[in-house]
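Those protein sequences? They're chains A and B, same order as listed. Quick note, the first sequence lines up with residues 3 to 206 if you use the working numbering. Quick note, the second sequence lines up with residues 5 to 871 if you use the working numbering. For glycine and all other residues, C-beta sits at the position ideal for the given N, C-alpha and C.
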Amino acid sequence: MAKWGMVFDLKRCIGCNACAVACKQENSLPYGVFFTKTLSEEVGEFPTTTRVYIPTLCNHCEDAPCQRVCPTGATYTRPDGIVMVDGDKCIGCGSCIVACPYDQRTRLEPQMLERGLFGNGKLTPFELHGYARFTPGTAVKCTFCHERVDAGLQPACVATCPTNARIFGDLDDPGSTVRRLIQERRGRQPMPERNTNPRVFYID
Amino acid sequence: MGAETQPVQNSMKPGKWLNSTCKMCLHSCNIRVHVSEDGIVNKIEGDPTSPSNNGRMCPKGNAAIMRHYDPHRFKSPLKRTNPEKGPGVDPRWQPISWDEAYDIVGRELKRVMQEDRRKLLCAINNFQKLFLWAWPAALGNANYFSSVGNFCGGGYHPMNGFIHSAFAAANDVNYCNYWINNGGGDGFSSHLHTAAQAYHMANARVERNMRVVVVEPRLSIGAAKANEWVPIRPATDRQFALSLCHVLVNEKLCDVKFLKKETNAPYLVGPDGYFVRNEDGKIYVWDAGENRPKPWDDPSIEEFALEGSYEVEGKECQPAFQKFKDILEDCSPEKLEKTTTVPAATARRIAREFAKAAQIGSSIEIDGRVLPLRPAAYNFYRGAQGHKFSAMANQSFKLVNMLVGNIDTPGGHVGATLDDQNQDIRGGAGQVNAGENGMLKTAPHQLHPEVPFSYPPNETHLMGYFPIGVDPGHLTQLTFFQPEKFGMNYTPDTMLLCHANPLWNLTGRREDWYRIMRAMRFIVAIDIVPNESNEWADVILPAHDLLESWNMTMIEPPHHEGMCLRQPATPPLYDTRSEEEIFYEISERLGVLQIWNQILNFVNGFVMRPELMLEADGKYSDQEIAERKGLLWNGKDLNWYREHGHAVTPRRPDKWYRPWQGMRLHFYIEDILKARDDLKQKMEAADVAIRHEWEWADYQPLPTGVLDPVHLEPSEYDLYAITYKDIQINFGESLSNPWIDDIVFKDPVHTSLLMNRKAGLARGLQDGDIVEVASPYGKIVGRVALSEGVHPDAVCVSNALTRVATQHTGVRTGGGNFNDLLPANLQHTDACSGQPETVAKVRVKKIASVPAQQLTGNTVFAQRRRH
């Protein structure tokens, strides 16, 4: 069984957020809701300044704090490492949102779905078609595009990334590109001090 | 709903995939569109079979579905019922039938044709259907009421035509090892096929360690990813390039063999600036071997002199190279450091690194052909070239490249054609032809044939006075408000807009543009969603969007070629039509159907294959035109294209690298002087009064270091305002799209006016202060953010902050249009190319709060989105 993980190549990422929009169309996300996005930070003093673009998503932690705090077992980890939320079990208590050190969970408020992407209270056919997957009031987050992965495809954000800054693969396979990149370019996990053992690595 | 029963992810749902082509910017990335079983377009992805975008897409392309389902779309033909027109004023549209709409438009346009066809102002901006641009020609009209050059390249495109006989140019990412980016976003944020370029560029950067040096006033995406960011004072890019040329020439870091044998650098230039010719018209060079002049093609020439002063046929003369060397005396990095603020040592180092990386003398064999390998190149675009002396700016960047012999070489600076048409030839305006005296025939007219001189001017934007450049749409302001001065004997009163938003893109004061709009008796707009300009229309003719229509094109790809199919993914959502149908119907009502078909045959290249020619009285659908374009490219019909999606391949080396081999390139552009003197003579003959104010000094065969006049504004304007786009809003409207809105207004560089931290603090400004930014011509307001990524002299205004109120309530209004800061006058327009200055000298003043009128509605100043 593969253990899925992702590597972000910070040398490649241009902060364009094509990933964020691809995710929105793949997962029918309402306005203001992101399963992935790229942050940016200015570094240094003029004139030796640069800006770092930092892609983020659910880290699918091996020891996921969100799962630990979930009172109903709605948050669970698939055997392949993908951390999921079962909308039928989620009671919307928000514990996981507080517990996630990476700010990667969103409580799906009913008005987010009702307001519509164009903010006029009417849903486009795209939204009417896609919002059926959501249970208002529950927690949502990135699933590594689990259905695509199950079908042998790349997550939508990975497939679209113009600079190939997102590399997805099997962390347990010593021959995988993700493993090679983590080894060769010293991949770092976000906030290692939280001991969550993320399945997401950054290389620069 | 459980995952085990019904997929929740859109691309996994039952449905079908269709091959198509993106149109969220003007370029043409290959896509595949997923349509669910219930007919919903629910996912668009890049086409993985495309060697250009490789299955990748930019954020705009990813957001196309929200254009399709935008509830603000024009859903049927509309007629205005509110006689009052103004910015943000509701036209109170009334739906009408297509028959009624066509009849009104036909009647009104017929009236203007009968009265005076020059009174029609057209703005047709659909790049993927370039043939539409030619429609006014069917009426004998060449007005252009929009900007092309302002925000792309007034001087850029003609200069590419002079140097490469091509529309655009890019650095060759396949082999380049040292890439200078000056005021352009290639490979990072904007310009040519962004998703494709970003992919190839990232591979070159990361896998080959290609060094990237970005020269810009602002820490752009490119600058952030570069090995080196060189902050530069705005509007001094030309001086920076000339300082590099100074080092390359004076430290003898040039490809001398190339300059002598493959350019006109050794041609002798006389005191009048023209080449010295013998009685047969042959241009002289100086043979340093025998120390005497000879015609350029004399087989006995031992050594072409590049330097020295000579006398030939009684004329003092010098090789063109020497002329440039003389100019460069005043352009040392040390002398220009005060202008550019780039430390002399930095400019010298970059010039040396560039020359070293160019590997002058090296070669590479590609497909059995030995080519010079010059893996260093200087790329540039709007920010660097958008200045008063634009032709000179463009030429200075080209000369950095030419001095190291990298023009159209592997790894070098390579011309890119606009729309190749036919795979057997390098077609359209990109054809390479031999000119006189061994030189390449220059092709500065890349968008349309030269518009003939006329007086009184037939064009409100004076296009007949720009024998070289791209349409200076902003000059309509001059002729409209000062008709006597320009000898105008008509007043425009009718307008046709097609996928155009001139009220957003034209320089000059909005209030003046509004006065022109108010003076229009009738305006028709062909468009998809409301914008600043089409809300002034009397009739709207709604067009299909990219998911409902047919097309075939390949626009301006740097490294690839081959037609790309657009096909409908769904039937039209609303009562919309194709542009093809709309223009055919109007043409028929105006009695110009035959000439329109003739024009279509010409501009689409159907004349190359007589069996594809449109019949004079025919009216053809978008599908029929698309099929012909596909057949013209590679003989394949629509079934083939529907299966394959595209015919994209890497550009073929024989047609891409040095297609002019055997001809000499224009180091020195005598044609610019010819154009000047021809225009001067025509103006004299016609006694055109404006010739006394015409900016004759703008026509130079070689660039000089003279300052652009923007630097000479009164000293109280102590900062330079620049504007920029990034990849989310690159090329064309996407701010009305909620997915784009969602990412743009979370990005700190698009939410505030950016100023250098120290420079802001020195002016008493803090993060979040509201300021008024005033130039001598206009003002805007904004919220300040202090940044270490901004040149101390610059105020940077994202294009996302420049919208004004429209009928599309999804568009956030900003603190005024940046273009109000810029003058629409001759003094700040390059007479040689039509390019207006795009940098404004400004002063920044803290104000108490955002003016009330800018706080109403959905604004960038609001904390939350409002609709």
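- Scanning its chain for C-beta atoms nearer than 6 Å, with the 5 sequence neighbours on each side dropped, one finds around B:Ala529 the residues Leu501, Asn538, Ala541, Ile544, in chain order.
- According to DSSP, residue pairing for B:Arg570 in a beta bridge involves B:Asn555.
- Within the stretch 9 to 25 of chain A, the residues whose Cβ lies closer than 8 Å to any Cβ of chain B are, in chain order, Asp11, Lys13, Arg14, Ile16, Gly17, Cys18, Asn19, Ala20, Ala22, Val23, Ala24.
- In the structure shown, the three-state DSSP call for A:Tyr55 is strand.
- Per DSSP, A:Glu195 lies in no beta strand (DSSP E) and is assigned neither H nor E.
- In this structure, B:Arg237 and B:Thr344 form a Cβ contact; the two beta carbons are roughly 6 Å apart against a cut-off of 8 Å.
- Rounded to the nearest angstrom, the Cβ distance from B:Tyr179 to B:Phe358 is 15 Å, too far for a contact under 8 Å.
- For A:Phe10, the enclosing beta strand (DSSP E) begins and ends at 6 to 11.
- Taking 8 Å as the cut-off, the beta carbon of B:Glu619 is found closer than this to the beta carbon of B:Asn601.
- The C-beta separation of B:Cys568 from B:His650 comes to about 4 Å, placing the pair in contact by the 8 Å criterion.
- Rounded to whole angstroms, the gap between the alpha carbons of B:Leu507 and B:Ser740 is 16 Å.
- Within its own chain, the residues whose Cβ lies closer than 8 Å to the Cβ of B:Arg84, once the five positions on either side in sequence are excluded, are Pro95, Arg96, Trp97, Gln98, Ala541, Asp542, Val543, listed in chain order.
- Chain A places no beta carbon closer than 8 Å to that of B:Arg353, leaving this residue out of the contacts.
- Here the stretch 381 to 400 of chain B lies against the stretch 836 to 845 of chain B, with 3 or more beta-carbon pairs under 8 Å apart.
- As computed with DSSP, A:Gln156 is found in no beta bridge at all.
- Going by beta carbons, B:Asn185 and B:Val210 fall outside the 8 Å limit.
- Taking B:Asp531 as reference, the option from B:Gly59, B:Asn14, B:Ser80 with the minimal CA-CA separation is B:Ser80.
- B:Lys47 sits close to B:Ser15, with the two beta carbons spaced by under 8 Å.
- Taking the Cβ atoms as the reference, B:Gly772 lies roughly 7 Å from B:Val788, within the contact range of under 8 Å.
- Assigned with DSSP and collapsed to three states, B:His72 falls in helix.
- A direct Cα-Cα distance of roughly 50 Å separates B:Asp824 from A:Gly94.
- For B:Ser791, the chain A residues whose C-beta falls within less than 9 Å of its own C-beta are Glu44, Phe48, Thr51, listed in chain order.
- The stretch 181 to 195 of chain A makes no contact with the stretch 35 to 47 of chain A; the number of CB pairs closer than 8 Å stays below 3.
- Any Cβ of chain A closer than 8 Å to the Cβ of B:Lys47 would place that residue at the interface, and such an atom is present.
- For the 8 Å CB-CB criterion, B:Ile726 and B:Arg222 form a contact.
- Taking all protein chains in view, the Cβ of B:Glu515 is surrounded by fewer than 16 other Cβ atoms within 10 Å, so the residue is classified as exposed.
- Under DSSP, the beta-bridge partners assigned to B:His650 are B:Cys568.
- Fewer than three pairs of CB atoms, one per stretch, sit closer than 8 Å, so the stretch 404 to 423 of chain B makes no contact with the stretch 149 to 160 of chain B.
- For B:Cys126, not one C-beta of chain A is nearer than 8 Å to its own C-beta.
- Pairing B:Pro456 with B:Leu113, the inter-Cα distance amounts to about 23 Å.
- The three-state reading of DSSP puts B:Phe308 in strand, counting E and B together.
- Listed by position along chain A, the residues whose Cβ is nearer than 8 Å to that of B:Ser15 are Glu28, Arg150, Leu155, Ala158.
- Put simply, the backbone Cα of B:Gly390 is about 32 Å away from that of B:Leu604.
- The C-alpha of B:Glu792 lies about 13 Å from the C-alpha of A:Val54.
- Taking a Cβ-Cβ threshold of 7 Å, the residues of chain B close to A:Thr165 are Ala202, Tyr203, Ala206, in chain order.
- Secondary structure remark: continuous beta strand (DSSP E) runs of at least 3 residues inside the stretch 765 to 844 of chain B, in chain order: 774 to 778, 783 to 791, 798 to 802.
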